[in-house]
Structures are given as C-alpha cells and as structure tokens.
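There are 2 protein chains.
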Amino acid sequence: MTQLRPELTEQHTVAEVPAPDPVDEDLHSVESELTAFLSARERDAATYGEEYTRLWQATGESSRGGKRLRPRLVLSAFHGLAGFGRGEVEDRTAAVQTALAFELLHSAFLLHDDVIDGDTVRRGRPNVAGEFSADALFRGAGGPRARLWGESAAILAGDLLLHAAAQRVARLRVGEATRSRLLDLIDRSVFVTAAGELADVGLATGMSASGLPDVLAMTAYKTAEYSVSGPLAAGALLAGADDEVVELLAGYGRLVGVAFQLGDDLLGVYGDETVTGKTVVGDLKQGKETTLIAFARGTAQWPDLEPLFGRDDLGPDATAELARGLERCGARVFAERLLADHVAAAVATLDTPLLPSALAATLTRVALGCVGRTA
Amino acid sequence: MTQLRPELTEQHTVAEVPAPDPVDEDLHSVESELTAFLSARERDAATYGEEYTRLWQATGESSRGGKRLRPRLVLSAFHGLAGFGRGEVEDRTAAVQTALAFELLHSAFLLHDDVIDGDTVRRGRPNVAGEFSADALFRGAGGPRARLWGESAAILAGDLLLHAAAQRVARLRVGEATRSRLLDLIDRSVFVTAAGELADVGLATGMSASGLPDVLAMTAYKTAEYSVSGPLAAGALLAGADDEVVELLAGYGRLVGVAFQLGDDLLGVYGDETVTGKTVVGDLKQGKETTLIAFARGTAQWPDLEPLFGRDDLGPDATAELARGLERCGARVFAERLLADHVAAAVATLDTPLLPSALAATLTRVALGCVGRTA
C-alpha cells in the first residue's frame, strides 16, 4: 500500500489529499454513458432477432479498451478553459456527451477502416468482422460466405455508431448557437476524415499520387482532424472560449495529430511487438504508404527495397532487412525529425497569453508524449 | 399542346386552373436543396484532392433519378394533416428538410446495400463502386485493387450521406420537443433498417433461419420502416398531428412497405425487363431469400427447384424454368395473395375519422398502387 500510493500515505495528510481531477471524473461519466447506451441498444435489438443482439454485443466489445484519447482532449479543453473566455460556459454534461460523440465517431471509423483494410483483429482481439466471420466458419459456412457475413456486420456496426455520434451532438442541451457550431465541427470531422481515408486507400491501391506531401496531407486529414483538432475545438466551444482560442487549438491539433501518426508509423516498423501489441510485419506487408516509404521512394536505395515492400509472404528476416534498409536510406531519421519538428511547432503555438498556463502545460505534455513513444 | 394538357386548355378557364399542389412544390424544393448540398460538398472537396471531388461527383450521380418516394410521403402526410391536429404546425421548410433527410438516408442505405451485395450497377448506371472500380481498371489496376477502390469509395460515400441525413434533422428550426421526436424517428429508422439488412445478409449466407415469418420480418425491418412508416410519421409530427394519428400512419406504413417489397420480389422474377429495367435473372442467381423462395422451400416441388436456385451460371432457360417452377408450386399465387392482403389491411387502417379524407384517399391510392405493378 505504502509503495503503491506513496503520495497519499506518506506525503499528505487527509486534508491535503488532492481534489479529484474533473477530467478524470468526467471520463468516468463518458464510460458509464457509453455502457448505458450499448446495454440499451443490446436490449432493444432482441426484438429484431438473435443476430442483431449479437451485432450489438460485438459492437460493444469493439468499443472497449481504447485509450479514450478523444474524450480526454474534449474534457481537457473544456475544463482548462471554462471561465477563461468571454462566452457562456455550457453545462459539464454537454462536455461529457460531446466527448462520447467523438469516441463513437472513432469506433465507427475504426470499424469501417478495418473493413477497407480487410483486418479482422483490433487491439489484440477479433473485431466485429473477425467475430462474425469466425462464427460463420464455425457454423460450417465457406470462406467467402463467412467473409461476407463478417464484413456486412462490420459495415452495419460502423453505420450505427456513426449515426449515434451525430445523435449525441444533435441532442445536446446547449444554446442554439453552440449546438450549431458543434454540429459544424463534427460535420467537418466526418468530411475531412472521409477525405483522408479515401486518400489512404488511393495510396494503397496506387490510385493517388504518393509523394511525401500527399502522404502528409492524408495523415492530417485521416487522423489529426477528428482525433485532436475536432475534440479540442469542441471542448473550447463548450467552455465559451473566444474564436481565436478555438482556432489556435485546432491548429495545434493538426500538428500534434500528424506527429502522433508519424509515431505510429515508426512503431509499425521499429516498435517492440511485446510492448505495442502490434506486429512489425503488418504495415510493410500491407504496403502501407507511410512517410517512411514516401521518403525512401525518393532515394537511390529504393530499387533494392521495393521488391520486398507490400509482399504478402513477407517473413521476419525480410521484414528486418526492409527495416534496416529504411534506416540506411535515411527514412527513419527523416520521419523522426519530421515528428520532432511537428511537436516543436505544436508546442510553440501554446506560447500565448490566450491560454491558461495549466492547459498550456497539459497540451505541452500531450505534444511531447509523441516523441520517442514505445507504445 | 391540346393533347398534352387537356385539363388546362379544354376544360378549365384561366380562373379555374388548379392551384399548384403544395406537395409537388415542396418536392421541387427538396430537389434544389439536394442539388445545392451536393454542389457545395463537391466544391469543398476540392481542397482535399481530385479523388475526393470525384467521390462527391459520383455520390451526386448516385442520388439522381430516384422516385423520391420517401420525400413524397413526408410531404403528403405534412400537407394532408397540417391544421388537422391539436399540436402546433411547424414551418413548411422543416418538412422539406425532413423529406430531404429521408432521401439522404435512402441513398446511404442503397450505397452500403450495394457494397454488401457486390452490386456495381444501380438504376441502369454504374453506382459509386462501379464507377470507381471501372476507373481503376481503366488506369491499369488489377481486379482486386479495382474492387477495393470501388468498395472503399462506396462505403465512404454511404457514411457521408448517412451523416448528412442526421445533420439535416439536427438542424431543423422547430421546437425542442418536435426536434427530439424527429431525432427519435430517424434513429429508429436507422436502427430497424440495420436490423433488416443484417437479417437479409443472414438469410443470403445461411446464417439466419429462412422460414416465411423470418423473411417477412426482414422485409418489414429492411424496407417498410425507413421507406414508409418513418416518413409518414415524420410528416405527421411536423403537422402537429396527435400521437394516435402518428401511430396509425406508422402502422399503415409497415403494411404498405411490406406490400411494396413483395411487389419488388414478384417483379424480380415475373417482371418485364424492358419495363422494370431490372433483369429477371438477378434475384434467382444471387439466391435472394424472398417470400417466393421461403414459400417454395416448404413445398414438395422444392427438391426439383433447389439445384437451380442461387447458381452463378443461371442462364435464361434455367431462369424461365425456375420461374415456372415457382408458379407451379404455388409460390407466385401465395406472394400475390399476401401482397393483396397487406394492401387490404393497410387500406382498412385508413377508414377512420382521425384522418382527413383527402389524405386517406391519397394513401389509399399509394396502397393500391402496390397491386399489379409493372415497374
């Protein structure tokens, strides 16, 4: 006990116990709201047959265990700014609902992204498609039928959560103007993310140009907007922050979002599988057009690397060779520097009297957390 | 001229020219709102690359040329009931926006339904998936890549329209209570339609029971709810109709929706291809579990028909043989009677002082229109 919570037992008297963090408190509320929503849906689904109940169960499973990055950002911006602007601060409940909306959006995007990538595993467990197709195989269906059953279930699950996200924002009990601006924000998140997803598939199928600027733009669209910019701007709006602040946070979010994705790309090749829970073969085998690859394509070493890239039968030795090749040609260092540059630029945006210093400190930590990630 | 519009030139003086039908007027508004929405999106998409602009163009194409059944029902209920209930009548603009929301929902469902069915043609033209995959093939991509590109585009297009439908309802300028009830309605439409779609795939893949009640329930969920019940109930709500009337129309809608689908199933086997624009091989080749098939499965003739059903190489002769077989075993007559029964039951629900007679007459025509359809 002493070792586990030294800050309580050794250094503080009871009177000094720190007040519970409102962000953490509200994250608990997000979690209970999500659970309540999924339970109600599972219950309602029973009227429409066993399979539909199973779809909602699997959808619920798929939304468990995430990092809740987006809700945390909504709530950090909300609590960090409430009372700091000139506008009216909306109810804390509205912030919780908005945080949940971004999490539902995230789950919906993951579901459809997995269908598009043909992935059946997410966070180390079968996803909705994986679970439904495995069940079909178990019940004697052939491969194509099982696959169709799995993909259909995942498409529908994504549709249901996408709609649920919009419903949350539509039902916010806030002023007309605030709701309208939040609807704009979530609309933009959906619009821009779809653009990024299309660009990503375009890169993977060779239908879009694959230069470095294209890959970076894709990253900003596909990840940064709905993961960082949108949530921060939403929290700021609900806190009654000035437009300048909302814009500032959205700009910070685009930089951090790209940095985060660059970190993911690096971990996808150089990460420790036992820590990330993600294989280092995946990205290279799937021929994912990351910044590493886009850089490597422009170097003299690419002709040696290309035959290995995107091979369905890529083994551990060839993977290691490809990873070393990407290091030799300078792609790894390039991606690491680009990541550091994005982080530095993001941190620089925070150096302004427009932000309360506690929020600036939190967001600086978030940005710096993108450097040297291990998971 | 005289022959084309005898009602104006021969029988009426100018003073007698009938006032323009408000439903038709508002349908024009729905059309211009849809066009304006799609143009704005296409314009905004340009920032995110050529492919995204093309996605919005193709999405726009895909939403052209429908019968606008759902908007018409919203508007018929709205205008038919406005001033007839005790509640407050909302603005006509709200009815137009709601009508558009149901049309957007319909386009979204068609897009995802086509992905699930692997269809690349809709209304005699390539759909979004068909257009994108054809372009990929043209640009030298192999079959699997072209297919992935097409399906991804269609999944994203469906997501975008599904979200757009929710946004329309969320932004209605109506009273808080009305908006909340309309959000409930569209939520129910999405929830029930997804259940029906899952059941449909379950039948097609052999993952769900395929008895007659299962097939009928699937039809009611997949089609009737969002196509008839939801739109009529929405129009009634906006017209300030009493709850009893809203419920009555939703009930009527479930019956007519099933009748309409039974008509589609019959046309899918016995229709005139030159009139329907739809091949009579499709349903039988795809192994679609319609009421015809569910009935036939329970007859002594099924063992003779089964080997032909769902065959990928089904030719015109075998199709004709299967169609005759379905007739001999009584499936055709059964489906026709069931359709007539649903129509009769729907018409019976209209025989009530709760409805203005003009609306009852319109809805009677709609119901009777499901019998003996040729297209």
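The listed protein sequences derive, respectively, from chains P and E.
Its first residue numbered 0, the first sequence is counted upward by one per residue in numbering that gives the first Met the number 0.
Its first residue numbered 0, the second sequence is counted upward by one per residue in numbering that gives the first Met the number 0.
Cβ atoms here follow ideal geometry from the backbone N, Cα and C, with glycine treated the same way.
Step through the CB atoms of chain P and report whether any lies within less than 8 Å of the CB of residue i.
i, result
"GLU375/E", "Outside the displayed span of chain E (0 to 374) sits residue 375/E, for which this structure offers no information."
"GLN10/E", "Residue confidence for GLN10/E is low, a pLDDT of 48 falling below 50, so the modelled location carries little weight; the figure read from the coordinates is stated next. By this cut-off, GLN10/E is not an interface position."
"LEU182/E", "yes"
"TYR51/E", "yes"
"VAL168/E", "yes"
"ALA194/E", "yes"
Whose C-beta lies closer than 8 Å to the C-beta of residue i among residues of the same chain, with five residues either side of it excluded?
i, result
"VAL191/P", "TYR220, GLU224, TYR225"
"LEU37/P", "TRP55, THR58, GLY59, SER62"
"ALA198/E", "SER207, ASP213, ALA216, MET217, TYR220, LYS221"
"ALA135/P", "ARG144, ALA145, TRP148, GLY149"
"LEU160/E", "THR58, SER62, LEU103, LEU104, SER106, ALA107, LEU110"
"ALA357/E", "GLY79"
Apply the 10 Å Cβ neighbour rule to residue i and answer buried if 16 or more other Cβ atoms are within range, or exposed otherwise.
i, result
"GLU243/P", "exposed"
"GLY229/P", "buried"
"VAL342/E", "buried"
"SER179/P", "exposed"
"ASP271/P", "exposed"
"GLU150/E", "buried"
"PRO70/E", "buried"
"ARG40/E", "buried"
"VAL365/P", "buried"
"HIS111/E", "buried"
"GLU49/P", "exposed"
"HIS27/P", "exposed"
"GLY117/P", "exposed"
"ALA45/P", "exposed"
"THR97/P", "buried"
Check residue i in the structure and name its three-state DSSP category.
i, result
"ARG67/E", "coil"
"LEU315/P", "The identity of residue 315/P in the sequence shown is Pro, whereas the question assumes Leu. Helix, per DSSP."
"ARG138/P", "coil"
"PRO125/P", "strand"
"VAL120/P", "strand"
"ARG172/E", "coil"
"PHE259/E", "helix"
"ARG327/E", "helix"
"MET217/P", "helix"
"ARG85/P", "coil"
"LEU349/E", "coil"
"LEU37/P", "helix"
"VAL280/E", "coil"
"VAL22/E", "helix"
"ASP186/E", "helix"
"GLN96/P", "helix"
"THR204/P", "coil"
Taking 8 Å as the CB-CB limit, is residue i close to chain E?
i, result
"GLY256/P", "no"
"SER132/P", "no"
"VAL346/P", "no"
"ILE154/P", "yes"
"TYR47/P", "yes"
"THR204/P", "yes"
"LEU147/P", "yes"
"ILE115/P", "yes"
"SER207/P", "yes"
"ASP186/P", "yes"
"VAL173/P", "no"
"SER151/P", "yes"
"GLY201/P", "yes"
"LEU136/P", "no"
Once you ignore the five residues that flank residue i on each side, which residues in its own chain have a CB closer than 6 Å to its CB?
i, result
"ARG253/P", "ALA219, ALA223, SER228"
"LEU211/P", "ALA293"
"ALA345/E", "TYR251, LEU254, VAL255, ALA366"
"PRO302/E", "none"
Once the 5 residues before and after residue i are set aside, which same chain residues still bring their CB inside 7 Å of it?
i, result
"VAL370/P", "LEU338, ALA339, VAL342"
"VAL120/E", "ASN126, GLY129"
"LEU362/P", "TYR251, LEU349"
"LEU68/P", "SER226"
"ALA133/P", "PRO125"
At the 8 Å Cβ level, is residue i part of the contact set with chain C, yes or no?
i, result
"ASP158/P", "No chain C is present in this structure, whose protein chains are P and E."
The segment 22-41 of chain E / the segment 278-294 of chain P touching (three or more Cβ pairs under 8 Å): no
Hey, is the segment 298-309 of chain P in contact with the segment 324-334 of chain P, meaning 3+ C-beta pairs nearer than 8 Å? yes
For the segment 203-217 of chain E against the segment 230-250 of chain E, are there 3 or more C-beta pairs whose distance is under 8 Å? no
For the 8 Å Cβ check, are there 3 or more pairs between the segment 88-98 of chain E and the segment 168-176 of chain E? yes
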